[in-house]
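Have a look at the structure below before the remarks.
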Amino acid sequence: MIFGMTFYQLAWLFVIYSFLGWCVEVIYHAVTWGEVTNRGFLNGPVCPVYGFGVVSVFALINLIQPEGTQMSDLLVYVFGVILATLIELVAGWLLDICFHARWWDYSKQPFNFRGYICLEFSLIWGFAILFVVRIFQKYIDKLITGHDSSVLGWTILVILYVVYFVDFVVTVAVIRGFNKKLGQLDKLSGDLRIVSDKVSEKLGETTIETAQNIGEGRVQAALAKAELRDRVDSLKDSLSTSEMKEKVSSLKDSLS
Numbered sequence: 033m034i035f036g037m038t039f040y041q042l043a044w045l046f047v048i049y050s051f052l053g054w055c056v057e058v059i060y061h062a063v064t065w066g067e068v069t070n071r072g073f074l075n076g077p078v079c080p081v082y083g084f085g086v087v088s089v090f091a092l093i094n095l096i097q098p099e100g101t102q103m104s105d106l107l108v109y110v111f112g113v114i115l116a117t118l119i120e121l122v123a124g125w126l127l128d129i130c131f132h133a134r135w136w137d138y139s140k141q142p143f144n145f146r147g148y149i150c151l152e153f154s155l156i157w158g159f160a161i162l163f164v165v166r167i168f169q170k171y172i173d174k175l176i177t178g179h180d181s182s183v184l185g186w187t188i189l190v191i192l193y194v195v196y197f198v199d200f201v202v203t204v205a206v207i208r209g210f211n212k213k214l215g216q217l218d219k220l221s222g223d224l225r226i227v228s229d230k231v232s233e234k235l236g237e238t239t240i241e242t243a244q245n246i247g248e249g250r251v252q253a254a255l256a257k258a259e260l261r262d263r264v265d266s267l268k269d270s271l272s273t274s275e276m277k278e279k280v281s282s283l284k285d286s287l288s
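Residues are numbered in this note's numbering as their position in the sequence shown, beginning at 1, plus a constant of 32.
Right, here's the structure in full:
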């Protein structure tokens, strides 16, 4: 057991949340910028910083949480904010130092530190971690718990990590410029990106289409509301005119 988790569970958590984190990045970019972009440091559909972040949170919780008890939501949130912020800071700094590139930049956000982290997203990460720990993780547990002896599960896991490792090596080599000397690296990098490009395109286009449909629905609702308001006003006017006619008629009858 490693921090209350088997090696099998830990390995799967890292892969699953790396992929889900990549999906979140693609969706967020599609909603924010209206563009489909294959996000992430690696060529494949993964963002390791998310996988490492979630695994670190569960490891910390299992380490300090007394057996048979449950940590309060407030503590989970606080630990989520602190760990996510530290991981984002270290990861952003390392990527900047090693590769002279930034995969995110909070420079325009208030209360940021050198663009690596900012208060707004640190607080958001806390809520995201709380959601994962309290709600989402139970579904992931159902997928992976009890399959430690599964040959198929281990085989898939090994294949995924081999691809993960190759992707990391190729990505680093390309960024460092080794692809200029070894032309095959460009082809391998492109091959590794095929899957993530297709997934990001589908995911991004679906997100943008959904956002547009929601926007159109809001416009139609606003138009319907305005039309209903006009009809109500017209009805009020017609009722007022009718009541006035009745009063005039009653007055004539009384005078006669």
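The C-beta atom is built at its ideal place from N, Cα and C for all residues, glycine as well. Here the structure is a predicted model, which means the values were calculated and not measured.
Sequence-distant residues of its chain with Cβ nearer than 6 Å to residue i (five each side left out)
i	result
Ala160	none
Gly53	Cys79, Tyr82
Ile246	none
Gly158	Tyr109, Gly112, Val113
Beta-carbon spacing of residue i, residue j below 8 Å
i	j	result
Met37	Asn75	no
Tyr49	Val108	no
Glu152	Gln141	yes
Own chain, CB closer than 7 Å to residue i, minus 5 neighbours either side, in chain order
i	result
Val47	Gly83, Leu192
Val198	none
Val164	Val86
Asp128	Arg134
Thr239	Ile59, Ala62, Val63
Ser181	none
Opposing strand residues paired with residue i [DSSP bridges]
i	result
Asn144	Cys150
Met296	The question about residue 296 has no answer, for the chain in this structure spans 33 to 288.
Residue i, buried or exposed, once every other Cβ within 10 Å from all chains shown has been counted against 16
i	result
Ser154	buried
Gly66	exposed
Leu126	exposed
Phe73	buried
Val194	exposed
Ile156	exposed
Tyr171	exposed
Thr242	exposed
Spatial neighbours of residue i in its chain, beta-carbon cut-off 8 Å, leaving aside the 5 residues before and after
i	result
Leu149	The sequence shown places Ile at residue 149, not Leu. Same-chain partners within the cutoff: Thr117, Glu120, Leu121, Gly124, Tyr138.
Lys213	In this prediction, Lys213 has a pLDDT of 47, which is less than 50 and means its spatial position is unreliable; nothing more can be read from the coordinates.
- Item | Any 3 or more C-beta pairs closer than 8 Å across the stretch 185–201 and the stretch 111–119 | no
Could you tell me whether the stretch 173–181 touches the stretch 39–46, where touching means 3 or more Cβ pairs closer than 8 Å?
yes
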